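Protein chains in written order, with my numbering: chain A, 1 to 448; chain B, 449 to 896.
We put the CB at the ideal spot given by N, CA and C, even for glycine.
Source: prediction; values computed, not measured.
As structure tokens, the structure follows; a few thoughts come after it.
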């Protein structure tokens, strides 16, 4: 078993890896280095924390003192790792050099900010860390107009939070739909209309061209038009932090993330690197839906990878991280929006000709009070009739259903076998006697 | 294609079969005979309708006039089928004889009332039809004490409704736990305690010995003690209506229901009977979890069987009804209670040595307001490590999760493969980053 384990990074992947390693190998010395000042918090919670729904202290689950005293894990915050020498098995951080038997690299990602003029002005933010969130909250004071760059789920969650705070919110999106890439346009339209009804404005098919202002942002230009604002926030997607993997010469995949084995070990010129494990946003995953690489920059995937990386770093019998369908869910205004597997866009990336089926229903029996609308979309591969993806927009109860569909997709069910073999639980206050998911798959079969 | 299709029974199975047959074969003459006065209603809704949460007119989805005018289906209510002659292909009902090309038998079940003294007294009810519900509602007027016989899900849903109406409610149950057979005792205890906190009283391990009164019920005796009441309701489980299948000499299985082929055709002395299809409570199902017969007297199963029986009766290419794990859910007070596959009791019926794993968590991130408690239990076969059952008690969001677990069980996943390959969707307002389902399976692996 490893005697000294070092973890670089303190997000969901890193802290899970550290805890899992210490749990499986209590005699090991586990040390975490992180550039961040806060650790063990949920970046997904930041939109709600800005609005005040959850407190900053609440979303930070544990402090470095807790890890030291209760878990026997040493955490160095605000400490940059300057270099890793994997031949000598050492990490140099904060001017000191530490030796390791196993190393976990979980340095996550950072928000991609397009290289445009004015992106470095005051009151221009990204949303990733607790520090970002607190800075945004402070800057919003007295500001009436906010521009958000990017209509992905984080951008939209943030838009709702700021709207709830009474701000005039404009979302600028380069693509022709919200939640691009992972949601289909028809499903995304339901979400956009819901947000427009809440008074959020959208500027679509418009890359942000410049951020303008004298020292401090005063407007944003997109598609040739100027949008005044006192705060501008980029929610333009996450790029993996590849400084350390690149310095170590690890093989990088087509998606710009590190290629790993199922044990989460990297490769160097095609050879497995011993003693090093990766977890979180910087890892390339295998798709559970189609042969090929995929990204899975989700908190839930980071935790799963952290467990595998931590246990393997501890010297346990090899754990493996399986292929992913990457189910996701987001609460956007009064809607739960969820998806899994391939969207139409992702299917076409894999060269798959997809057919879709859609149904509208409710989350409870029609006659039971309080039911919410639910739209379900399912996709199948035209050539094999296999289910390859699904999306749900509903007032409640989307999460479990998207996990149900994930399981059906990953187990290789066709649309036909789903209709013959899948079952739904029923009770008037929680469901319709025949779930809208079935009606969507029936519609799919008509379109296949 | 069949020219004349007769359906006997107007519950979820019968009306779904009639509609499916007419939809697939619009030129066919489709006729439904039912002894009931109301059709196309949800018996599951009756506890909520008694309380007034849903109106009686709302829970009856459609009238006979609707079926005649909008769907071209003739429905004869309050009409008993006196005999079926499957050699001559005729049905005699209300004194007239009708010929058919295909026949669907969906006569459902009736509440089993134990053969005890006083069960026929006034104000003693079963709960099955809208008429039963309306009669109970009328009889409750001015009554303060109610006894319910049977602590299955319908008995408990009813107990909560009556308690919400301000009644003193006593539930008498023969077994040593509520929700016997399909829920494990430890999970059932959570539900019983919740109901006791609401002021509902339980008399356990006590069969109802007699119903007492002078013309009208005034008390119930159980375990030698007398419980005064103005209304007594039996919720003691459903027995299939086998009059017609028995008269036709169809083979009956070990569970007291009719053995059918995957096309839902019955057998007579081992030979498939052509032109007749069965659906609903009187059908024996195959288990999707263990080789062997099972019951699936659920509304969701009735609808699935109705679709298959109706399409086959219409003369479509054969549809099949697959094996079932029978996921179920019930809202009991403030709890959603759900299960799927085998309970410990059912596992032992199949001769399976089961191990269990359990976890406690929340329906949202810990720091997100409004999250509810969730307890998840999973069971696996000790010899194969395959998942065979699951139960959830939660304040919300149990339905989709039980469908997720159903899919995992039916696809043959082991506890280990679930941990390696299953995925959950995450967003602070709808879930924890690692769902309690995973923690339960981890606990299970420790116990296997």
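Residue i (DSSP reduced to helix, strand or coil)
i: residue 546(B); result: strand
i: residue 764(B); result: coil
i: residue 241(A); result: coil
i: residue 460(B); result: helix
i: residue 524(B); result: strand
i: residue 417(A); result: helix
i: residue 389(A); result: strand
i: residue 696(B); result: coil
i: residue 612(B); result: helix
i: residue 473(B); result: coil
i: residue 749(B); result: helix
i: residue 593(B); result: strand
i: residue 711(B); result: coil
i: residue 509(B); result: coil
i: residue 827(B); result: strand
i: residue 641(B); result: helix
i: residue 858(B); result: helix
i: residue 109(A); result: strand
i: residue 585(B); result: helix
i: residue 733(B); result: strand
i: residue 683(B); result: coil
i: residue 6(A); result: strand
i: residue 332(A); result: strand
i: residue 822(B); result: strand
Chain A residues whose Cβ lies nearer than 7 Å to that of residue i
i: residue 850(B); result: 425
i: residue 845(B); result: 397, 399 and 400
Pick from the options that is closest to residue i, judged by C-alpha positions
i: residue 592(B); options: 606(B), 570(B), 678(B) and 642(B); result: 678(B)
i: residue 800(B); options: 504(B), 626(B) and 791(B); result: 791(B)
i: residue 516(B); options: 463(B), 895(B) and 621(B); result: 463(B)
i: residue 113(A); options: 426(A), 105(A) and 126(A); result: 126(A)
i: residue 116(A); options: 140(A), 407(A), 149(A) and 366(A); result: 149(A)
i: residue 105(A); options: 70(A), 10(A), 184(A) and 163(A); result: 10(A)
i: residue 121(A); options: 218(A), 43(A), 168(A) and 56(A); result: 218(A)
i: residue 46(A); options: 256(A), 111(A), 292(A) and 154(A); result: 154(A)
i: residue 175(A); options: 275(A), 188(A), 32(A) and 437(A); result: 188(A)
i: residue 44(A); options: 91(A), 201(A), 206(A) and 298(A); result: 298(A)
i: residue 829(B); options: 884(B), 859(B) and 737(B); result: 737(B)
i: residue 835(B); options: 816(B), 675(B), 484(B) and 860(B); result: 860(B)
i: residue 455(B); options: 802(B), 646(B), 765(B) and 482(B); result: 482(B)
i: residue 475(B); options: 452(B), 694(B), 588(B) and 842(B); result: 452(B)
7 Å Cβ cut-off: residues of chain B touching residue i
i: residue 59(A); result: 815
i: residue 523(A); result: Look at the range of chain A in this structure, 1 to 448, and you will see that residue 523(A) is not part of it.
i: residue 338(A); result: 873
i: residue 504(A); result: The structure shown has nothing for residue 504(A), since chain A only spans 1 to 448.
i: residue 420(A); result: 768 and 770
Under 8 Å by beta carbon: chain B residues contacting residue i
i: residue 327(A); result: 871, 872 and 873
i: residue 96(A); result: The premise fails here: residue 96(A) is roughly 32 Å from chain B at the closest Cβ pair, so nothing lies under 8 Å.
i: residue 372(A); result: The contacting residues do not exist; residue 372(A) stays about 12 Å from chain B at best.
Expected contact under 8 Å - CB spacing of residue i and residue j to nearest Å
i: residue 819(B); j: residue 832(B); result: Actually they are not in contact, since the Cβ atoms of residue 819(B) and residue 832(B) sit about 35 Å apart, beyond 8 Å.
i: residue 898(B); j: residue 838(B); result: One cannot answer for residue 898(B) here, as it falls past the ends of chain B, which runs 449 to 896.
i: residue 576(B); j: residue 762(B); result: Residue 576(B) to residue 762(B), Cβ: 29 Å. No contact.
i: residue 169(A); j: residue 162(A); result: 5 Å
Residue i: contacting residues in chain B (beta-carbon distance under 9 Å)
i: residue 411(A); result: 855, 856, 858, 859, 860 and 861
Interface residues of chain A facing residue i [CB-CB closer than 9 Å]
i: residue 493(B); result: 365, 367, 368 and 428
i: residue 467(B); result: Near residue 467(B) there are no residues of chain A at all, since even the closest Cβ is about 12 Å away, more than 9 Å.
Closer than 7 Å: residue i CB and nearest the ligand ADP heavy atom
i: residue 467(B); result: In the structure shown, the ligand ADP is absent, as is every other ligand, since no ligand is present at all.
Residue i: contacting residues in chain A (beta-carbon distance under 8 Å)
i: residue 496(B); result: 368, 428 and 429
i: residue 501(B); result: 368 and 369
Counting pairs of beta carbons, one from the segment 686-702 of chain B and one from the segment 655-675 of chain B, are three or more of them closer than 8 Å? no
For the segment 188-198 of chain A against the segment 131-142 of chain A, are there 3 or more C-beta pairs whose distance is under 8 Å? no
- Message: Is it the case that the segment 753-768 of chain B contacts the segment 698-712 of chain B, given that we only count it when at least three CB pairs across the two stretches are under 8 Å?
- Response: yes
- So, do the segment 715-723 of chain B and the segment 771-780 of chain B have three or more beta carbon pairs nearer to each other than 8 Å? no
Problem set entry | chain C contacts from the segment 278-305 of chain A (Cβ-Cβ distance under 7 Å) | The displayed structure is made up of protein chains A and B, and chain C is not among them.
Taking 8 Å as the threshold, find out whether the segment 499-509 of chain B comes into contact with the segment 433-444 of chain A through three or more Cβ pairs.
-> no
Under 8 Å: do the segment 720-732 of chain B and the segment 537-550 of chain B share three or more Cβ pairs, one atom per stretch?
yes
At least 3 beta-carbon pairs within less than 8 Å: the segment 839-848 of chain B vs the segment 862-872 of chain B:
no
Count the C-beta pairs between the segment 402-411 of chain A and the segment 520-530 of chain B that are closer than 8 Å, then say yes if the count reaches three, no if not.
no
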